[in-house]
Structure formats: structure tokens, C-alpha cells
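Read through the structure below, which is laid out as C-alpha cells, and then see the notes.
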């Protein structure tokens with residue numbers, strides 16, 4: 001449990017220059033103690049513990065995505081202010 005807490009705390013560092021992965025990219029994260037024993041070269045050949053059924057694929061393809069008006073599309077993005085003092 002301590003390893004995952006350490007990894008998460010390093011991922012959540014506010015200063016991007018001090019955050020894990022900011023200097024050496026994903027290599028730095030992959031070398032963290034939490035991932036010890038993971039063979040990254042073979043990771044794509046490992047079967048996941050749960051594979052979604054065909055029913056799951058059909059349902060997810062029917063998600064309704066609302067269309068935006070031209071005014072909504074062209075409006076500048078407003079950054080949420082929820083975490084200003086985080």
C-alpha cells in the first residue's frame with residue numbers, strides 16, 4: 001500500500017517540473033517501485049483479467065453525443081475555477 005501511495009503522491013505534485021515523469025517521461029514512472037516486476041516489453045501480449053462482451057461494445061456505441069451550435073463551438077473555452085487554490 002505504501003508503494004501506491006508514494007506513486008500517487010508523486011503524480012499529484014502541483015509543480016509540473018517536480019512531478020514524476022516530467023523529466024524522463026513514462027520511463028521515470030515505469031521505474032517506480034510500484035511497477036517492480038512488470039515486464040513492459042511484453043505488456044501488450046498479456047491478456048487482461050476481464051474482456052468486455054459484445055453487448056458492452058454495442059451499448060457503448062449507442063451513446064448520444066449532443067451536437068453543439070456554431071456559437072457554442074466557436075466560443076473560447078472557459079477554464080473551470082474549481083481548483084484555483086488547490
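In UniProt numbering, the protein residues as written are 1 to 86. Glycine included, C-beta positions come from ideal geometry on N, C-alpha and C.
Excluding sequence positions up to five away, which residues of its chain have a Cβ less than 7 Å from the Cβ of residue i?
i: residue 40; result: 30
Given residue i, which residues of its chain have a CB within under 8 Å of its CB, disregarding the five upstream and five downstream residues?
i: residue 20; result: 7, 10, 11, 13, 28, 29, 32
inquiry  = Does the structure place the stretch 1-20 close enough to the stretch 32-40 that three or more beta carbon pairs sit under 8 Å?
reply    = Enough Cβ pairs lie closer than 8 Å, so yes.
request  = Tell me the start and end of each unbroken alpha helix (DSSP H) in the stretch 18-53 that is at least 4 residues and wholly inside, in chain order.
outcome  = Listed in chain order, the complete alpha helix (DSSP H) runs (minimum 4 residues) inside the stretch 18-53 are 26-30.
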